[in-house]
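S.K.: Following this message is one structure expressed as structure tokens.
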Amino acid sequence: MQYQEYVINEVLPFVYAKNENQFTMAIGASFGAYHSYSIALRYPERFNRVLGMSGVYDVREWTDNQMDDGAMRQGSPCEYLLALEDHAKIEQIRKIEFIMPIGVEDPLYPNNQWMSQIMWDKGIWHAFRPCEGFAHDWPQWYEMIQDHIGGADSRG
């Protein structure tokens, strides 16, 4: 997870040195949502809000279900959260505001439903926000950002 360590140990301290506001969001669309959730779940003390738009949270479909590999299992937000038993870390994760907008016709919709269920099963509050249509493209992601940049219940 070198990329995540770089973001945590190099990028965030650089940003904090330039900006006194320490409120930190991870935002991503599609596979970017995977990365946003992945880093926030592993370093929950560093994030306040995560916006994962049209996200892919379980990568088994793209890996021929080869989740035997420990690195693959650790990389998948769904698998990571399912296996997580560290109660202190789960408590830290519960402090993050997670937002999951997804189009109901998006092929990733069931993937998002599963991630949502895993989060509820772990007692992690989040805003699962289905929207009309496919919604897996930049015009819809722009709207999702406008709708949720201020939080789950904000509108712009």
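Start counting the sequence shown at 39; every next residue gets the next number (this note's numbering).
All residues carry an ideal CB built from backbone N, CA and C; glycine is no exception.
The model shown is predicted, which means the values in this text are computed figures rather than measured ones.
Looking at the secondary structure, which residues open and close the beta strand (DSSP E) in which ALA165 lies?
M.R.: Within the sequence shown, numbered from 1, the residue matching residue 165 stands at position 127. Segment 164-169, the beta strand (DSSP E) holding ALA165.
S.K.: Taking the C-alpha atoms as reference points, what is the distance between GLN155 and ALA64?
M.R.: Your numbering for residue 155 matches position 117 in the sequence shown. Your numbering for residue 64 matches position 26 in the sequence shown. A straight line joining the alpha-carbon of GLN155 with that of ALA64 spans about 21 Å.
S.K.: I'd like to know whether the C-beta atoms of HIS186 and ILE137 end up nearer to each other than 7 Å.
M.R.: By 1-based counting over the sequence shown, the position of residue 186 is 148. By 1-based counting over the sequence shown, the position of residue 137 is 99. Cβ atoms of HIS186 and ILE137: closer than 7 Å.
S.K.: Mind checking which residues open and close the beta strand (DSSP E) that includes MET138?
M.R.: For this step, residue 138 is matched to residue 100 along the sequence shown. It spans 135-141 - the beta strand (DSSP E) in which MET138 sits, taken as one unbroken run.
S.K.: Classify ARG80 as helix, strand or coil using the three-state DSSP reduction.
M.R.: Counted from its first residue, the sequence shown places residue 80 at position 42. Here ARG80 sits in helix by DSSP.
S.K.: Mapping the DSSP letters down to three states, classify LEU120 as helix, strand or coil.
M.R.: Counting from 1 along the sequence shown, the entry for residue 120 is found at position 82. In this structure, LEU120 counts as helix in the three-state DSSP scheme.
S.K.: Who does ILE65 pair with in a DSSP beta bridge?
M.R.: Taking the sequence shown and counting its residues from 1, one reaches residue 65 at position 27. For ILE65, which the question treats as bridged, DSSP gives the partners LEU89.
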